[in-house]
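Contents: one structure, followed by commentary.
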Amino acid sequence: NGNTVRYGIPYGNSNRRTNRSSTLLEKDQKRKDKRKHIFGTMMTTTQKRALVPSLSKAMACILLIAIVAQPSSASRFGVLENVPRTRKKSFIPGKLHSRPSWKTIPRGGDDAASFSPPIVADDGGALVVVASALKGLASYMNGPKADTLLLLLTTALNTPLSKMIGLSPILGYLVLGLLFGPNGLSLVKDIHTTEMMADIGIVFFLFEMGIHLDFKTLMSMRRDVFGLGGSQFLVTAAVVAAICKFCFGLSTAAQIVLGGGLALSSSAFVLQLLKDKDEMSTQFGKSSFGVLLLQDLAVVPLLVVTPILAGGGGGLAEALGSAGVKAAIALSTIAVVGKFLLKPFFNAVAKTKSQEAFVGAILSTVLGMSFLTEGLGLSNTLGAFLAGMLLSETEHRHQIETEIAPFRGILVGLFFFTVGFEIDLQLIGSNPGRIAAIVLGIASLKAAIASALGSLFGLEKGTALRVGLILSQGGEFAFVAFRLARSCGILSDEFTKLMLTCVSLTMGLTPFLDDVGAKMAIALDEVPAPSGKVKGKIGRK
């Protein structure tokens, strides 16, 4: 009859089991309906998992507020000090107890020793806690912590705000750096640490550029690198040195330093513009990048020669020979390490399928290569660029590019931010005509020389003009060269400040000059306006 027996006890037939299962399903459905009535629609498992971090953060915030609101916790964290309390009756009849005064040493930032909580009335209650907590927070955030928070907020908000008002993000960083820097509101206190972080951003930026280039592509650009780039640096340095001699009457050492420093262009500004407009693969982008690469190589002899010139120029040949030997050692070491160690190393790390290990390997490679070249007298950006080229030959290039993108974006933004530190508004206000003449002279001279040389090396007129205009600014290594010359006594402090301000202003003109060159290229070469990430009717070749 369909009955079953389990352990000697009748268990029932199949119909009864079916009815029991139906009853359970109905109860489960009623529970779900009740939850729907309470919470609205039912959430899927994925939605529940996505909600967990938000709920955890909310509960953590509530817990933190509850802890701070407790007087005992406020005392533990140093929020209150010597706050008077009224005597209250104890719960035990006949006895009177008074709460002890809270005496704690405030925990804070740079000005913790000067912390002094406000005197509040006895019945202030929660107002005492809130006021004292805010005072302690202000003391805690006065220093490097405030600088870090300000820099992160700047990098997070600059790009959307700049696009909202139709301004280039690079110009937005310059304006914010001018506003918050030492020549503005002086909200950033630790200038040296900020500039060090910005230099690391340039290292990562050149590393990313190296990932996009392999040795085959680089060899195809040898005319742009050694031909156009070498000619541009030598001719520009010679013309600037001659102008410094006849117009300013500077010494020979100052002429060489200024000629070499002003012949350099900004890799960070130019490459960022090329990347934003997706023009790295065009002839215009390749020629511009080739010139910048040669300029990075030219930084080495310039920095080697500067201290020697301060001593009268003795031992110049020996110093240049030593620099050449160091360069050969650095390049050969990087080539050997890249060929025999980097690829197996990244293959082993990738097999672990650990994102933390992979990011750590990338950071170690970039910083290690940059420190190696810098220690041997070369620029740290050159080592990072060569490391990127070596890793471009591996199958991990796309994953590497994805992992370093957040670091590179934030740190490069800090570099543009620190450039605004060098713009001295007081100096501009006292010498507006002189500074305007120097800025326009640098930009027009460099643009004319680079455009003429570009035409001689076979570029079309519009492309040559665009190359000249986008390379017309001063470079970040000019800051290094001029500061080194000042420390060696070649340049005076006043003249160095003047040149740093002018170089920073030429950087600010770069987005505008690039847009002008793109529009002029349409008329010269009859290039149709492209469809892409370009504002306005800007053509490209």
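Mapping the sequence shown onto UniProt numbering, position 47 (from 1) lands on 47, and the numbers just tick up by one.
C-beta atoms are modelled at their ideal positions from N, C-alpha and C, and glycine is treated no differently.
Predicted model only: the values in this text are computed from it and were never measured.
- Two segments are said to touch when three or more pairs of C-beta atoms, one from each, lie closer than 8 angstroms; by this definition the stretch 242 to 255 does not touch the stretch 322 to 330.
- Rounded to the nearest whole angstrom, the C-alpha separation of Ile170 and Ser444 is 21 angstroms.
- Linking Thr506 to Met389 through their CA atoms gives a straight-line distance of about 30 angstroms.
- Per the C-alpha coordinates, the member of Asp424, Leu425, Leu411 positioned closest to Glu195 is Leu411.
- DSSP places Gly420 outside any alpha helix (DSSP H), giving it a letter other than H or E.
- As the crow flies, the alpha-carbon of Phe284 is around 60 angstroms from that of Ala131.
- Phe215 is the residue among Phe215, Lys189, Leu459, Glu318 whose C-alpha sits nearest the C-alpha of Ala335.
- Runs of alpha helix (DSSP H) with 4 or more residues, each lying fully within the stretch 343 to 410, are found at 343 to 351, 355 to 375, 380 to 391, listed in chain order.
- Val359 sits away from Ala384, with the two beta carbons spaced by 7 angstroms or more.
- Judged by DSSP secondary structure, Asn158 falls within the alpha helix (DSSP H) whose first and last residues are 144 to 164.
- Of Asp424, Val270, Phe417, the smallest CA-CA separation from Thr154 is found for Phe417.
- If you draw a straight line from the Cα of Ala357 to the Cα of Val349, it is about 7 angstroms long.
- Residue burial annotation: Cys502 is buried, with at least 16 other C-beta atoms found within 10 angstroms of its C-beta.
- Unbroken alpha helix (DSSP H) stretches of 4 residues or longer found wholly inside the stretch 452 to 490: 461 to 470, 476 to 487, given in chain order.
- Of the residues assessed, Gly210 falls on the buried side of the cut-off, its CB having 16 or more other CB atoms within 10 angstroms.
- Counting along the chain, Glu208 sits inside the alpha helix (DSSP H) bounded by residues 191 to 211.
- Secondary structure note for Phe284: its alpha helix (DSSP H) is the uninterrupted segment 283 to 310.
- By the beta-carbon neighbour count (other beta carbons within 10 angstroms, threshold 16), Phe248 is exposed.
- Non-local beta-carbon contacts of Leu303 in its own chain, meaning distances under 6 angstroms to residues more than five positions away in sequence, are absent.
- Ile202 and Pro432 have their alpha carbons spaced roughly 31 angstroms apart.
- The three-state secondary structure of Ser265, taken from DSSP, is coil.
- If you look at Leu187, you'll find it isn't in any alpha helix (DSSP H); DSSP assigns it neither H nor E.
- Annotated three-state conformation of Pro182 is coil, per DSSP.
- In the DSSP assignment, Cys502 falls within the unbroken alpha helix (DSSP H) covering 493 to 508.
- The beta carbon of Ala481 sits closer than 7 angstroms to the beta carbons of Val257, Gly260, Gly261, Leu302, Leu303, Thr306 from its chain, once the five residues preceding and following it are set aside; these are given in chain order.
- Minimum Cα-Cα distance from Asp147 among the listed residues Ile165, Ala242, Leu386, Pro182 corresponds to Pro182.
- In the same chain as Val516, and ignoring 5 residues on each side of it, the C-beta atoms closer than 8 angstroms to its own belong to Leu469, in chain order.
- A residue is called buried when at least 16 other Cβ atoms come within 10 angstroms of its Cβ; Asp514 meets this threshold and is buried.
- For Leu218, the enclosing alpha helix (DSSP H) starts and ends at 215 to 220.
- Around the beta-carbon of Met499, 16 or more other beta-carbon atoms lie within 10 Å, marking it buried.
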